[in-house]
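According to the UniProt record's numbering, the stretch in the sequence shown is residues 1 to 178, in order.
Scroll down for the structure; my scribbles are underneath it.
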Amino acid sequence: LGTNVNIPWPAEVEGVGDPEYLAAMRSIVVPILHAFKPGLLFVQAGFTAAVGDTLGMRVTPAGFGQMTNMLKAVAGGRIILALEGGSNAESVVECVVSCTSVLSDESLPRLSDAAIAAVPLRSCSAMLQKVIDVQSKYYPSLERMRDLTGISLRECSRLDDRDVHEAREVVSCMCMPT
C-alpha cells in the first residue's frame with residue numbers, strides 16, 4: 001500500500017533552495033497529504049539538499065524547519081522524523097537542530113527576508129507545473145494550487161482568492177516577517 005509522488009528538479013539547475021522546496025510543499029506535498037488525512041506522518045529526513053552538502057542544493061536549516069512545521073500541522077503534531085542522510089556533518093547538525101526545535105515546540109526557525117521574497121527558479125516552477133499536470137488526475141485539488149508554483153512566500157501570504165484557502169493555511173504555519 002502506498003503512493004509515490006516524485007518531484008524531480010531539473011538536472012541542469014544548481015542551487016535549488018528554500019523558495020523551490022517551499023513552493024513544492026505548499027503546491028503539491030501538503031495538498032496531497034490533506035487528501036489522505038494522515039493520523040501520523042513518518043518522514044525519512046535526509047539533508048542532502050542542505051546548504052553545504054556535496055549535492056549543491058541550497059536549503060537552509062530554517063527551510064527544513066519550515067517544511068517540518070508544515071508537515072507537523074498536517075498531522076496535528078503527530079510526526080516522526082528519522083535521520084536518513086547528508087554528507088556535510090555541520091549542515092546535518094544545523095538542520096536536525098532546526099527540525100527538532102519545531103518538533104519540541106521550542107521555536108520556528110525564521111527564514112531570511114531574502115528567502116521570503118524570492119520566487120522559485122523558473123525551470124523549477126515549470127517542473128512543479130508538470131507534476132501538477134500528472135498528479136491532478138489523482139488529486140484534483142492540485143489544480144487550485146497551480147498559481148502557487150511561481151510566486152514568493154511573501155506573495156503567497158497576500159493572496160485573497162478563496163480557491164487557495166488551503167495554501168493560505170499552509171503559509172500561516174510559517175514564520176512571516178512582521
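Heads up, the beta-carbon is just placed ideally off N, CA and C, and yes, glycines get one too.
Keep in mind it's a predicted model, so treat the numbers as computed, not measured.
Return the CA-CA distance between D147 and K130, expressed in angstroms with no decimal places. 13 Å
Bridge partners - G150, DSSP secondary structure assignment: BP columns for G150 are empty, so no partner.
List in chain order: all unbroken beta strand (DSSP E) runs of 3+ residues lying wholly within the stretch 64 to 88. You should have 79 to 85.
Pick helix, strand or coil for W9, following the three-state DSSP scheme. coil
Tell me, please, whether the stretch 63 to 79 touches the stretch 40 to 54 by the rule of three or more beta-carbon pairs shorter than 8 Å. The stretch 63 to 79, when compared against the stretch 40 to 54, does touch it at the 8 Å Cβ threshold.
Answer with buried or exposed for L22, where buried requires no fewer than 16 other C-beta atoms within 10 angstroms of its C-beta. buried
Counted within 10 angstroms of its Cβ, other Cβ atoms place A49 as buried (16 or more) or exposed: buried
Per DSSP, V43 forms a beta bridge with which residues? L81
Three-state secondary structure (DSSP) of V16: coil
What residue range is occupied by the uninterrupted alpha helix (DSSP H) comprising K130? 122 to 135
Pull up the distance between the alpha-carbon of residue 226 and that of H34, whole angstroms please. Residue 226 cannot be examined here, being either before or after the span of the chain that is shown, 1 to 178.
For M176, does the three-state DSSP call read helix, strand or coil? Bear in mind that a pLDDT of 43 at M176, under 50, signals an unreliable position, so the model cannot answer this.
So, with DSSP's three-state summary, where would you put A50? DSSP places A50 within a strand segment (E or B) once states are collapsed to three.
Spatial neighbours of C99 within its chain, please: C-beta separation below 7 Å, excluding the five flanking residues on both sides. A45, F64, G65, T68, L81
Residue span of the alpha helix (DSSP H) that contains D105, given as start and end: That residue, D105, is in no alpha helix (DSSP H); it is neither H nor E in DSSP.
Closer than 8 Å is the cut-off here; do at least three beta carbon pairs connect the stretch 115 to 130 with the stretch 81 to 97? Touching, no.
Going by beta carbon distance, what residues of the same chain come within less than 6 Å of R58, once the five residues before and after it are set aside? G15, G17, V51
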